[in-house]
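Same order as they appear, the protein sequences are chains C and X.
Numbered according to my numbering, the first sequence spans residues -5 to 135.
Numbered according to my numbering, the second sequence spans residues 5 to 557.
Just so you know, even glycine gets a beta-carbon here, dropped at the ideal spot from N, CA and C.
Working notes for the structure below.
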Amino acid sequence: MEAATARKIRVVVAKPGLDGHDRGAKIIARALRDAGMEVIYTGLHQTPEQIAETVIQEDADAVGLSILSGAHMTLVPKVVELLRAQGVEDVLVTVGGTIPAEDIPELKELGVAAVFTPGAPTDEIVDFIREGAAERHAQGA
Amino acid sequence: MASQPGAKPEQKPRAEVEAAEIEAVEGPAERTTMSGHPIERLYGPETAPADPDATIGRPGEFPFTRGPYESMHRGRLWTMRQFAGFGTVEETNERFHYLLDHGQTGLSTAFDMPTLMGYDSDHVRSLGEVGREGVAVDSLDDMEDLFEGIPLAGVTTSMTINAPAAILLAFYVLVGEKQGVPPTQLGGTIQTDILKEYIAQKEWCFPVEPAMRLVTDMIEWCTENMPRWHPISISGYHIREAGSTAQQELAFTLKDGFTYVERALERGLDVDDFAPRLSFFFNAHIDFFEEIAKYRAARRIWAREMRDTYGAKREESMRLRFHAQTAGVSLTAQQPLNNVVRTSLEALAAVLGGTQSLHTNSFDEALALPTEEAVRVALRTQQIIAFESGAPNTPDPLGGSWFVEKLTDEMEAAAYDYFARIDELGGMVEAIRRNFPQREIADAAFRYQREVDERKRIVVGVNDFAAEDEVPTPILRIDPALERKQTDRLAATRGRRDAAAVETTLGELKRAASGDANLMPPILEAARARATEGEMVAALQEVFGTYTESPVF
């Protein structure tokens, strides 16, 4: 359908777990919005279930998980599993935060498309999501 | 007048020519601090304060711009207080002993996220978070083991916890009791600053009003029972880490402080009975002079407002004393050894700004919790400043600098501008409800990030001077088995305590929460019965409710 390409990219920016460090999440949410995307920011202290539900309800193209608590190896797999269990395979999952380099391959193996660590330029993140979402749109999602 | 071809171009005014020439040599004429505050090309006697005796004065004298004490660090160095906590109480107890053995002079406890949010380690929301960012403390049993072998009469302890602060304080008081140290002899600080949680740090248990009641209960109880204890540490640190400017950090923190003072006065306390035990906690960021100006302005504003607005008579009530921590957000994951240098500059700013206590971050903290080696370097940084640099030899060595005095005055003016805007909104609690400080901080954070992205601000190793091949830094890994170990500890506590006593004391706590009695005594009784933190918070939430933010970005 032609309208698919004109559809605005929809991104859920989510803060899983208990950590209250929302500086990065808010900056990214705003940068994505400024880039013309539809941004749904979940707010803090979300369970993986809440996040998966938001992604599905909002029919998001991408979800960005921001975690600075060290709990990423527990929380990220849960979100990914929950999405899979609901039959959601094509949503671009990205992670941002203090993620040790050794953990990145494992996260990618789970299906995380990209991990952005401290110092990543905002534009790089915006471009990555734009390209990933465009692919999803092209596939007719 | 349009110039004719070939005609001599009209001469530019001399000042403009000079400005252009200067710019050609010096680069952009407009310079700002990292907070965006404009900096002049040169400062001189023409900007000197009109009445230095009134606004600057002498160290240890009103308005304390130059420091809260006459001899400052000559007389007494700042307390070197490294924040520590991870895993279970056993790991953290070991780190405490390590730090004390290496010359640290006070303890500082970091709690994990579930503890900060009032969840027990076996709560479903705690999964994956136990012992990650701090130590897990569920009950008095944990607190006793955390301070095993550390005589509480001989140390001062700082505890970074806010929403459930009253519960952790009760645990600490009971550890003292077990060691034979009465509350009157316990020295230390508990953060308790709930307003900045709603503004920036975002770890809460209850809605704002009941949370403020709990804070005021604690201040009241400590005023009567713990004369050496600081029941609240009014904190700008997290506000700054969330992305505020130095001016916002100063303004919001002081305004939070005034709000607590107002609540305590409404409770009927005498300002001179509790104000001397209020303390502050500021960030030490990388813009050296701006930070020093911030501390100096903070002291002056607090002194003036405490005397003139809140009627303080004792100088102790007007003397702002603070703890500082170097800026976690200034640390980079790239070329992490550079962080030792950043931390040194920030620590020096805090010292020259007259801090009473200091935490220096470890160079690997943009990657994970610090390793023992990184913690040692951080502590050594303070010791080098203290014992090698000569910085402590005279109070306020930058006082009288035309630049620093002008910046101090401007910092003060910026804070008063914010006070006026907050008052217009109906005070700090109302301003928070309307997301005012939250929005100001988000805007500032976003602006700064854009400047970094556009390379208007250089962060060495990040957007310039990048290294081709980064050498991996060894990091501290938290063993996932620790979570299981802690939930086992908790199960053991639940198994051996008197269940009826727990139920009775929790019932009493709820009853007290429904009325207006001070909540500290029933919390102490529940803690003594080994009720867990999560159980006490849940009991209070039955009466108070919970809090959900409507976020702005």
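At 9 Å on the CB atoms, spell out the chain C contacts of X:Asp492, in chain order.
The contacting residues do not exist; X:Asp492 stays about 18 Å from chain C at best.
Anything in chain C within Cβ reach of X:Gln338, meaning under 7 Å, just list it in chain order.
The answer, in chain order, is Gly113.
Can you check DSSP and say which residues form a bridge with X:Gln329?
Note: X:Gln329 sits in a beta bridge opposite X:Asn287, X:His363.
What in chain C is Cβ-close to X:Phe450, meaning under 7 Å?
Those within 7 Å of X:Phe450 in chain C are Ile21, Arg24.
Whole angstroms are fine: how far does the CA of C:Ala127 sit from the CA of C:Ala(-2)?
Note that C:Ala(-2) scores 47 on pLDDT, short of 50, meaning its location in the model is unreliable; the coordinates nonetheless yield the value given after this. For C:Ala(-2) and C:Ala127, the gap between their C-alpha atoms comes out near 11 Å.
Tell me whether the region 334 to 346 of chain X and the region 359 to 378 of chain X touch, counting them as touching only if at least three CB pairs, one residue from each stretch, are closer than 8 Å.
Under the Cβ criterion (8 Å, minimum of three pairs), the region 334 to 346 of chain X counts as touching the region 359 to 378 of chain X.
Does the Cβ-Cβ distance between X:His234 and X:Thr263 come in under 7 Å?
The answer is no: Cβ separation not under 7 Å.
Nearest-angstrom beta carbon gap, X:Lys410 and X:Tyr47 [assumed within contact, 8 Å]
About 6 Å separates the two Cβ atoms, so the contact holds.
Contact set for X:Thr96: own chain, Cβ-Cβ below 7 Å, skip 5 residues either direction:
Hits under 7 Å: Ala88, Gly89, Phe90, Val139, Leu150.
Put C:Ile93 into one of helix, strand or coil per three-state DSSP.
Coil.
With DSSP as the reference, please indicate the residues paired to X:Pro187 in a beta bridge.
Answer is none; X:Pro187 lacks a bridge partner.
Can a CB atom of chain C be found closer than 7 Å to the CB of X:Met230?
No - not a single Cβ of chain C is within 7 Å of the one on X:Met230.
Are the C-beta of C:Pro94 and some C-beta of chain X separated by less than 7 Å?
Yes, C:Pro94 counts as interfacial toward chain X.
If you reduce the DSSP assignment to three classes, tell me which class X:Arg208 lands in.
In the sequence as presented, Arg is not what sits at residue 208 of chain X; that position holds Trp. Three-state result, X:Trp208: coil.
From the beta carbon of C:Arg78, is the nearest beta carbon of chain X less than 7 Å away?
The Cβ of C:Arg78 sits no closer than 7 Å to any Cβ of chain X.
Does DSSP classify X:Thr96 as helix, strand or coil?
Three-state DSSP puts X:Thr96 in a helix.
Can you tell me the Cα-Cα spacing of X:Ala533 and X:Gln108, whole angstroms?
Distance between X:Ala533 and X:Gln108, taken at the CA atoms: about 34 Å.
From X:Asp483 to C:Ala65, what does the alpha carbon distance come to, in whole angstroms?
Here the alpha carbon of X:Asp483 sits roughly 12 Å from the alpha carbon of C:Ala65.
Selected residue, minimal CA-CA separation from X:Ser237, among X:Glu20, X:Leu104, X:Arg281, X:Ala331:
Per the Cα distances, X:Arg281.
Alpha carbon to alpha carbon, what distance is there between C:Glu47 and C:Leu59?
Their Cα atoms are separated by approximately 14 Å.
For C:Thr116, which of helix, strand or coil comes out of DSSP?
C:Thr116 sits in a helix when the DSSP states are folded into three classes.
For a contact defined as C-beta to C-beta under 8 Å, what are the partners of C:Ser63 on chain X?
For the C-beta of C:Ser63, the chain X residues within less than 8 Å are, from N- to C-terminus, Met117, Glu133, Arg136, Glu137.
Identify which residue in X:Glu94, X:Arg454, X:Pro555, X:Leu544 has its Cα closest to the Cα of X:Pro211.
The residue with the shortest Cα to Cα distance from X:Pro211 is X:Leu544.
Name the chain D residues that come within less than 8 Å of C:Leu12, Cβ to Cβ?
You won't find chain D in this structure, because its protein chains are C and X.
Determine the extent of the beta strand (DSSP E) in which X:Phe479 is found, giving its start and end residues.
As written in the sequence, residue 479 of chain X is Ile, which differs from the Phe given in the question. For X:Ile479, there is no enclosing beta strand (DSSP E), as DSSP gives it neither H nor E.
Leaving out five residues on either side along the sequence, give the residues of the same chain with a beta carbon under 6 Å from the beta carbon of X:His363.
Cβ within range, chain order: Arg85, Gln86, Phe87, Gln329.
Please classify X:Tyr123 as buried or exposed, where buried requires at least 16 other C-beta atoms within 10 Å of its C-beta.
Its Cβ being crowded by 16 or more others within 10 Å, X:Tyr123 is buried.
Closest Cα partner of X:Gly403 within the set X:Gly61, X:Thr51, X:Pro231, X:Ala531:
When only C-alpha atoms are compared, the closest one is X:Gly61.
According to DSSP, X:Ser239 sits in a beta bridge with which residue or residues?
Within the DSSP bridge table, the entry for X:Ser239 names X:Phe285 as partners.
Using a Cβ-Cβ cutoff of less than 7 Å, which residues in the same chain neighbour X:Phe293 once the five nearest sequence positions on both sides are dropped?
If you ignore the 5 residues before and after X:Phe293, its C-beta comes within less than 7 Å of the C-beta of Phe407, Val408, Leu411, all in its own chain and listed in chain order.
Is the CB-CB distance between X:Ala479 and X:Ala378 below 7 Å?
First, the amino acid is wrong: residue 479 of chain X is Ile here, not Ala. Not closer than 7 Å, so no.
Would you kindly report the start and end of the unbroken alpha helix (DSSP H) that includes C:Val33?
In the DSSP annotation of this structure, C:Val33 is not part of any alpha helix (DSSP H); the continuous beta strand (DSSP E) holding it starts and ends at 32 to 35.
With H, G and I counted as helix, E and B as strand and the rest as coil, what does DSSP make of X:Ala446?
Three-state result, X:Ala446: helix.
X:Ser518 - DSSP class collapsed to helix/strand/coil:
The DSSP-derived three-state label of X:Ser518 is helix.
From which residue to which residue does the alpha helix (DSSP H) around C:Ile22 run?
17 to 28 is the span of the alpha helix (DSSP H), which, as asked, contains C:Ile22.
Tell me the DSSP secondary structure of C:His131 in three-state form.
Reduced to three states, the DSSP call for C:His131 is helix.
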